[in-house]
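Engineer: Residue numbers (our numbering), protein chains in the order written: chain Z, 6 to 465; chain B, 68 to 538.
Got a structure for you, written out below as structure tokens; questions coming shortly.
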Amino acid sequence: MAYGSDIPLLQAIGAEAAKFVFRAIIFSVAGIFGLVGFILGRRKLRRRYFDRLAGAEFYVRQNWERILSGEISADDWRAAHDDAEAITALTLDRLDASTDARECAKLLTFLRGAGLLDRMMLEARRSRGWRREVALVRLGRTRAPEAVPILVAALDDPRGATQLAAVRGLARTGLAIAAEAMLERIVTGELAIEATSLLNALMICTRDNPRLLLPYLYVAKGAVREVLARVMAETASLALGDDLLLLTHDSSAEVRASVARALAHAEFGFAFAALDRLASDPEWFVRLRAVTSLGKFREARALPALLRGICDRSRHVRQRAAEALSRMPNCGEVLREVLGTGDSYALQALVAELDRAGEFDNLVAALHLSLDSAADAAAGAESRCLLRALEAGAEKLGAMMRIPALQKGEQQLEQAHERAREAKAQPASVQELAQKTTQRAPSREHEIASTVAHSPARGA
Amino acid sequence: MRGMLDFLNDSLFFYYLGSNLIYLVLLVVALLSSRAHHQHLASLRLERMKLSPLTPPITLIAPAHNEEGSIIPSVRSLLRIDYPELEVVVVNDGSKDRTLEKLANEYGLEPAHMLYIPHLATAAVRGIYRSGHEPRLIVVDKEAGGSKADAVNAGLNAATSPYTCVVDADSMLESDALLRVMVKILEDPKRVVAAGGIVRVLNGCELVGGKIRRVQLPKSPLVVIQVIEYLRAFLIGREAWARGNMLTIISGAFGVFRRDVVLSVGGFRAEAIGEDFDLVARIHRKMLEEKRAYSIVFMPDPVCWTEVPPTAKSLGRQRARWHKGLLDTLWPNRDMLFRRKYGRIGWLAFPYMWIFEFFAPVLEIVGLAAIALAAILGLLSRTFFIEFLVYGYLFAAMISVGAVLQEEVTYRRYNDWRDVARLILFCFLEQIPYRQMHLIWRLQGIWQYARGDVVWRPMERVGLESAAPRG
Numbered sequence: 006m007a008y009g010s011d012i013p014l015l016q017a018i019g020a021e022a023a024k025f026v027f028r029a030i031i032f033s034v035a036g037i038f039g040l041v042g043f044i045l046g047r048r049k050l051r052r053r054y055f056d057r058l059a060g061a062e063f064y065v066r067q068n069w070e071r072i073l074s075g076e077i078s079a080d081d082w083r084a085a086h087d088d089a090e091a092i093t094a095l096t097l098d099r100l101d102a103s104t105d106a107r108e109c110a111k112l113l114t115f116l117r118g119a120g121l122l123d124r125m126m127l128e129a130r131r132s133r134g135w136r137r138e139v140a141l142v143r144l145g146r147t148r149a150p151e152a153v154p155i156l157v158a159a160l161d162d163p164r165g166a167t168q169l170a171a172v173r174g175l176a177r178t179g180l181a182i183a184a185e186a187m188l189e190r191i192v193t194g195e196l197a198i199e200a201t202s203l204l205n206a207l208m209i210c211t212r213d214n215p216r217l218l219l220p221y222l223y224v225a226k227g228a229v230r231e232v233l234a235r236v237m238a239e240t241a242s243l244a245l246g247d248d249l250l251l252l253t254h255d256s257s258a259e260v261r262a263s264v265a266r267a268l269a270h271a272e273f274g275f276a277f278a279a280l281d282r283l284a285s286d287p288e289w290f291v292r293l294r295a296v297t298s299l300g301k302f303r304e305a306r307a308l309p310a311l312l313r314g315i316c317d318r319s320r321h322v323r324q325r326a327a328e329a330l331s332r333m334p335n336c337g338e339v340l341r342e343v344l345g346t347g348d349s350y351a352l353q354a355l356v357a358e359l360d361r362a363g364e365f366d367n368l369v370a371a372l373h374l375s376l377d378s379a380a381d382a383a384a385g386a387e388s389r390c391l392l393r394a395l396e397a398g399a400e401k402l403g404a405m406m407r408i409p410a411l412q413k414g415e416q417q418l419e420q421a422h423e424r425a426r427e428a429k430a431q432p433a434s435v436q437e438l439a440q441k442t443t444q445r446a447p448s449r450e451h452e453i454a455s456t457v458a459h460s461p462a463r464g465a
Numbered sequence: 068m069r070g071m072l073d074f075l076n077d078s079l080f081f082y083y084l085g086s087n088l089i090y091l092v093l094l095v096v097a098l099l100s101s102r103a104h105h106q107h108l109a110s111l112r113l114e115r116m117k118l119s120p121l122t123p124p125i126t127l128i129a130p131a132h133n134e135e136g137s138i139i140p141s142v143r144s145l146l147r148i149d150y151p152e153l154e155v156v157v158v159n160d161g162s163k164d165r166t167l168e169k170l171a172n173e174y175g176l177e178p179a180h181m182l183y184i185p186h187l188a189t190a191a192v193r194g195i196y197r198s199g200h201e202p203r204l205i206v207v208d209k210e211a212g213g214s215k216a217d218a219v220n221a222g223l224n225a226a227t228s229p230y231t232c233v234v235d236a237d238s239m240l241e242s243d244a245l246l247r248v249m250v251k252i253l254e255d256p257k258r259v260v261a262a263g264g265i266v267r268v269l270n271g272c273e274l275v276g277g278k279i280r281r282v283q284l285p286k287s288p289l290v291v292i293q294v295i296e297y298l299r300a301f302l303i304g305r306e307a308w309a310r311g312n313m314l315t316i317i318s319g320a321f322g323v324f325r326r327d328v329v330l331s332v333g334g335f336r337a338e339a340i341g342e343d344f345d346l347v348a349r350i351h352r353k354m355l356e357e358k359r360a361y362s363i364v365f366m367p368d369p370v371c372w373t374e375v376p377p378t379a380k381s382l383g384r385q386r387a388r389w390h391k392g393l394l395d396t397l398w399p400n401r402d403m404l405f406r407r408k409y410g411r412i413g414w415l416a417f418p419y420m421w422i423f424e425f426f427a428p429v430l431e432i433v434g435l436a437a438i439a440l441a442a443i444l445g446l447l448s449r450t451f452f453i454e455f456l457v458y459g460y461l462f463a464a465m466i467s468v469g470a471v472l473q474e475e476v477t478y479r480r481y482n483d484w485r486d487v488a489r490l491i492l493f494c495f496l497e498q499i500p501y502r503q504m505h506l507i508w509r510l511q512g513i514w515q516y517a518r519g520d521v522v523w524r525p526m527e528r529v530g531l532e533s534a535a536p537r538g
């Protein structure tokens with residue numbers, strides 16, 4: 006954009022524009038050559054490396070059993086770099102894929118016997134930069150207990166990338182001792198890496214013994230404590246026992262939410278009582294987790310807390326409670342209970358979830374069936390009330406959407422009502438039904454009818 | 068006259084130097100940041116995230132306006148996304164073609180009994196439908212609101228998840244894109260309010276059944292240049308700005324937002340021209356005004372593939388609209404400039420947007436005029452002018468090659484060496500005449516905005532299934 010080289014500001018600092026631009030050209034040319042050279046050179050080197058490795062791998066795969074059994078002596082291939090690399094890679098891949106403890110032990114014995122483990126340990130100790138990072142992860146994949154001290158030592162490296170590689174390596178071992186080493190450093194603030202990396206590593210290493218987390222969870226503070234609580238939520242088992250109960254009173258909402266999540270994992274005797282309490286927690290996300298966990302049990306005992314949940318002030322809690330209720334075994338009973346809350350908003354949430362779960366039509370059909378086969382008037386009246394309630398719920402949804410919803414449902418209901426009218430005289434309105442049921446039916450049914458008749462229009 | 072030309076000469080020299088210095092800094096920051104991110108990626112276990120009950124539900128919102136050509140493969144690809152609790156809300160924004168009919172036929176739509184709370188005002192909703200055989204799919208049929216933002220707002224009203232992801236109906240998310248984009252959010256759900264992924268160019272890729280079979284560069288030079296532009300914008304610009312929590316744009320084609328935060332700022336502004344930039348700016352404003360700890364992050368690995376304009380005419384319209392959108396958001400937020408409470412957004416990000424994005428075409432044309440005038444008046448130093456031109460050309464090419472390098476050392480989507488060679492070649496070819504065309508389009512945008520021409524004109528598309536050559 007500039008047309009002349011007399012730039013006063015540059016002259017003021019003792020620079021000459023023309024020289025400056027010339028230097029910038031040289032810099033740009035060097036930059037372009039450097040970048041293009043790097044791209045092309047890297048491609049070339051990678052290609053050559055992988056080609057060589059592929060060639061070695063072909064040989065190794067063909068002779069794999071003989072190499073593993075020692076029929077082909079390690080002395081024959083150890084010195085050949087590509088062969089050794091291919092054998093190491095293949096052994097580690099098999100270790101990763103194997104779930105059989107005997108096979109893992111056999112592969113590890115092979116790595117030890119062939120001197121490959123020693124070589125990897127040496128690399129992880131001596132090399133620097135990205136080579137060390139690669140070596141650390143590879144060492145972890147061996148799951149060898151003797152690799153743990155080297156990986157733990159790398160946790161104290163000042164470089165974040167090396168720390169991360171050590172965490173990845175320790176995660177691959179899945180050993181409790183690895184978890185303890187990481188936990189000690191996390192709590193003291195010596196290990197500061199991304200939370201998801203830690204979460205993954207700790208989950209793997211504490212899965213067999215989640216109690217390992219507890220002492221650290223009690224002393225940890227702030228964000229670290231939240232991470233540990235999340236790990237506990239994922240790995241919880243019966244081993245945590247009464248400690249979980251203690252943590253339901255924790256001052257941190259994140260911890261309480263994690264406990265609520267953890268209680269869905271196992272058959273804790275105290276789960277219902279604890280979750281029931283957590284479902285009334287002041288924090289919405291704690292209530293959300295508690296309601297979600299209660300929903301997993303699909304038991305009638307959870308109904309009171311879920312009914313509270315479906316009337317919750319948080320939309321997410323209401324939705325989760327409705328989802329849990331829509332999956333309960335007896336939808337008709339659940340509908341009756343939801344109507345009992347007198348909350349039209351809860352009814353709408355349930356209708357929406359029944360629809361999402363594909364249960365809405367089934368419930369309508371079931372209610373028609375029970376209407377047709379009702380043994381006595383009281384039972385028939387109740388089924389009619391429930392049908393009307395479903396209709397009112399869906400109509401309410403339609404009104405909120407300002408669209409003609411429930412076309413299909415309305416047709417079905419109309420047909421059902423026609424059938425019912427033919428069979429016997431019907432009350433003219435839901436209000437009449439309410440009056441009738443007050444006289445004849447138990448008070449529960451009156452409650453249902455009242456809800457339908459006076460379903461309050463609550464705001465969003 | 069001489070005095071004015073001298074002033075322009077000095078100012079524009081330093082302006083150009085400043086912009087190049089910023090690009091260089093952004094490139095270096097992006098290279099470092101992306102290396103760290105790449106290492107972090109290696110420690111992730113997406114499978115674990117998928118199984119974890121702590122992974123929150125997401126609603127994908129796909130606004131569709133006359134998208135009959137691409138709607139079915141697009142929805143198919145959305146439903147194929149690998150995410151534990153997914154809800155897909157397609158908003159048919161008053162399409163005049165067979166968009167809704169195609170959806171109804173393909174997915175057996177039925178009226179849904181679901182809660183629709185109009186938190187955000189939108190054009191009238193005509194109906195809400197749920198697929199008979201795909202319970203995760205919801206279709207909101209509404210009258211045309213005249214903007215994508217209006218359709219997205221209707222989707223936000225219908226969404227039931229705490230997180231929403233807005234995608235274009237003509238775009239394709241990779242199957243693990245949502246899991247990947249959620250990584251940062253899961254790390255710090257209280258702080259991270261929005262996350263954006265990378266948008267890549269779909270044109271030229273080989274598609275089979277709504278899935279990408281092979282990534283390859285398109286044949287059209289215009290589209291190849293756009294590939295470089297996207298790499299530069301995402302892998303350098305966004306990566307670097309996000310590093311300092313100064314990300315001001317999350318692409319409208321792919322971004323995850325906390326629903327409560329979007330609702331708290333009033334959703335997408337229906338009349339906004341660049342609704343994505345506008346929303347992010349308002350989120351920054353709200354969070355900073357309320358002094359809340361927050362971050363808006365960019366993730367370079369979750370990919371959304373999108374079809375870009377294949378012709379100069381449609382590209383010109385798109386770029387003019389982008390530039391109008393820039394001004395349309397910067398102007399209402401001008402009070403954020405250089406105010407302490409708006410922190411680095413007010414002191415760095417927005418001033419950069421004003422000076423080096425919005426004013427760039429204006430200053431460029433002023434510079435060209437000054438050169439012409441200097442030549443007429445005999446003041447032009449020919450040697451210096453040529454040197455400066457060469458410097459500008461080479462520096463811009465170097466930054467573009469830097470973007471290709473970034474792609475090459477991290478994500479390597481273009482595996483064929485011929486594609487890489489073409490990308491490098493076009494780093495040198497994009498300066499003439501594309502750069503000049505781009506200048507004109509952006510000036511047209513400013514002119515249209517000044518005239519009050521803010522009508523959205525749809526981009527010509529060929530549809531996802533036919534976007535690329537087969538075989």
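Glycine included, each C-beta is placed from N, C-alpha and C at the ideal position.
Measure the Cβ-Cβ separation of leucine 311 (chain Z) and valine 296 (chain Z) and say whether it is below 8 angstroms.
Structural biologist: Closer than 8 angstroms, so yes.
Engineer: Just to confirm my understanding: we take serine 319 (chain Z), look at its own chain, exclude 5 residues before and 5 after, and list those with CB closer than 6 angstroms. What are they?
Structural biologist: Cβ within range, chain order: Trp289.
Engineer: Evaluate arginine 389 (chain Z) with the Cβ neighbour count: other Cβ atoms within 10 Å of its Cβ, from every protein chain shown; 16 or more gives buried, anything less gives exposed.
Structural biologist: So arginine 389 (chain Z) counts as buried.
Engineer: Along the chain, which unbroken stretches of the alpha helix (DSSP H) at least 4 residues long are found entirely within the segment 13-55 of chain Z?
Structural biologist: You should have 13-17.
Engineer: Does the contact criterion of 3 or more C-beta pairs under 8 angstroms hold for the segment 107-119 of chain B versus the segment 245-253 of chain B?
Structural biologist: The segment 107-119 of chain B is in contact with the segment 245-253 of chain B.
Engineer: Would you mind working out which of Z:Gly337, Z:Asp366, Z:Leu188 and Z:Leu368 sits nearest threonine 211 (chain Z), comparing C-alpha positions?
Structural biologist: Selected option, being the one with the closest Cα: Z:Leu188.
Engineer: So with CB distances below 8 angstroms, who are the chain B contacts of alanine 399 (chain Z)?
Structural biologist: His180, listed in chain order.
Engineer: Looking at C-alpha atoms only, which residue of Z:Leu203, Z:Arg48 and Z:Ile182 is the closest neighbour of arginine 479 (chain B)?
Structural biologist: The shortest C-alpha separation from arginine 479 (chain B) is found at Z:Arg48.
Engineer: Does histidine 107 (chain B) come within less than 8 angstroms of chain Z when only Cβ atoms are used?
Structural biologist: Closer than 8 angstroms to some Cβ of chain Z, the Cβ of histidine 107 (chain B) qualifies, so yes.
Engineer: Run down chain B in chain order and give the residues with a C-beta less than 7 angstroms from the C-beta of glutamine 324 (chain Z).
Structural biologist: Within 7 angstroms Cβ-Cβ: Thr227.
Engineer: Any idea if aspartate 311 (chain B) is buried or exposed, counting beta-carbon neighbours within 10 angstroms, 16 or more meaning buried?
Structural biologist: The amino acid at residue 311 (chain B) is misidentified as aspartate; the sequence shows glycine. Its Cβ having fewer than 16 others within 10 Å, glycine 311 (chain B) is exposed.
Engineer: Check the Cβ of tryptophan 484 (chain B) against every Cβ in chain Z and list those closer than 7 angstroms, keeping chain order.
Structural biologist: Residues of chain Z passing the Cβ test: Arg48.
Engineer: Mind checking who glutamate 154 (chain B) pairs with in its DSSP beta bridge?
Structural biologist: Beta-bridge pairing links glutamate 154 (chain B) to B:Thr126.
Engineer: Quick one: does proline 120 (chain B) have its CB under 8 angstroms from some CB of chain Z?
Structural biologist: True, the Cβ-Cβ gap to chain Z drops below 8 angstroms.
Engineer: What are the start and end residues of the beta strand (DSSP E) that includes aspartate 208 (chain B)?
Structural biologist: Per DSSP, aspartate 208 (chain B) belongs to the beta strand (DSSP E) from 204-209.
Engineer: Applying the criterion that 16 or more other CB atoms from any shown protein chain within 10 Å of the CB defines a buried residue, is histidine 104 (chain B) buried or exposed?
Structural biologist: Histidine 104 (chain B) should be labelled buried.
Engineer: Counting only runs of 4+ residues fully inside the segment 141-185 of chain Z, write out the alpha helix (DSSP H) ranges in chain order.
Structural biologist: Segments of the alpha helix (DSSP H) lying fully in the segment 141-185 of chain Z: 153-160 and 165-178.
Engineer: Less than 8 angstroms between CB atoms is the rule here; does glycine 469 (chain B) satisfy it with respect to chain Z?
Structural biologist: It does; some Cβ of chain Z falls within 8 angstroms.
Engineer: Is it buried or exposed for methionine 71 (chain B), if we count other Cβ within 10 angstroms and need 16 for buried?
Structural biologist: Exposed, since its Cβ has fewer than 16 Cβ neighbours within 10 Å.
Engineer: Is glycine 46 (chain Z) buried or exposed, if buried means 16 or more other CB atoms sit within 10 Å of its CB?
Structural biologist: Per the 10 Å Cβ criterion, exposed.
Engineer: Going by beta-carbon coordinates alone, are leucine 492 (chain B) and proline 428 (chain B) separated by less than 8 angstroms?
Structural biologist: The answer is no: Cβ separation not under 8 angstroms.
Engineer: Hey, out of Z:Phe27, Z:Ser202, Z:Ser256 and Z:Ile182, whose CA is closest to tyrosine 223 (chain Z)'s CA?
Structural biologist: Residue Z:Ser256 is the option with its Cα nearest to tyrosine 223 (chain Z).
Engineer: Relative to the C-alpha of lysine 353 (chain B), which residue among B:Val332, B:Thr373, B:Arg258 and B:Asp345 is closest?
Structural biologist: Taking only the C-alpha atoms, the option nearest lysine 353 (chain B) is B:Val332.
Engineer: Apply the 10 Å Cβ neighbour rule to alanine 446 (chain Z) and answer buried if 16 or more other Cβ atoms are within range, or exposed otherwise.
Structural biologist: Unreliable positioning characterises alanine 446 (chain Z) in this predicted model, as indicated by a pLDDT of 39, which lies under 50. The coordinate reading is nonetheless provided below. Buried is the call here.
Engineer: Using the beta-carbon count (16 or more within 10 Å), is tyrosine 501 (chain B) buried or exposed?
Structural biologist: It is buried - the Cβ of tyrosine 501 (chain B) has at least 16 other Cβ atoms within 10 Å.
Engineer: Give the residues of chain B in contact with isoleucine 37 (chain Z), contact being defined as C-beta atoms less than 8 angstroms apart.
Structural biologist: Within chain B, the residues near isoleucine 37 (chain Z) are Leu461, Ala464, Met465 and Val468.
Engineer: To the nearest angstrom, report how far apart glycine 434 (chain B) and alanine 158 (chain Z) are at their CA atoms.
Structural biologist: Distance between the alpha carbons of glycine 434 (chain B) and alanine 158 (chain Z): 59 angstroms.
Engineer: Determine, for threonine 5 (chain Z), whether the minimum Cβ-Cβ distance to residues of chain B falls below 8 angstroms.
Structural biologist: As shown, chain Z starts at 6 and ends at 465. That puts residue 5 (chain Z) outside it, with no answer to give.
Engineer: Considering only C-alpha positions, which residue in the set B:Glu134, B:Val323, B:Ser144 and B:Leu346 is nearest to glycine 334 (chain B)?
Structural biologist: The option with the nearest alpha carbon to glycine 334 (chain B) is B:Leu346.
Engineer: On the three-state DSSP scale, how would you describe alanine 430 (chain Z)?
Structural biologist: With a pLDDT of only 40 at alanine 430 (chain Z), under the threshold of 50, the placement of this residue in the model should not be trusted, and no figure is reported.
Engineer: Would you call the segment 118-130 of chain Z in contact with the segment 139-152 of chain Z, where contact means no fewer than 3 C-beta pairs closer than 8 angstroms?
Structural biologist: Contact holds: three or more Cβ-Cβ distances are below 8 angstroms.
Engineer: Indicate whether at least one CB of chain B lies closer than 8 angstroms to the CB of leucine 40 (chain Z).
Structural biologist: For leucine 40 (chain Z), the answer is yes, since a Cβ of chain B falls inside 8 angstroms of its Cβ.
Engineer: Please state if the CB of tyrosine 460 (chain B) and the CB of glutamine 498 (chain B) are separated by a distance shorter than 8 angstroms.
Structural biologist: Yes; because the gap between Cβ atoms is below 8 angstroms, this pair is in contact.
Engineer: So alanine 97 (chain B) packs on glutamine 473 (chain B), CB below 8 angstroms; how close in whole Å?
Structural biologist: With 8 angstroms as the limit, alanine 97 (chain B) and glutamine 473 (chain B) qualify as a contact, their Cβ atoms being about 6 angstroms apart.
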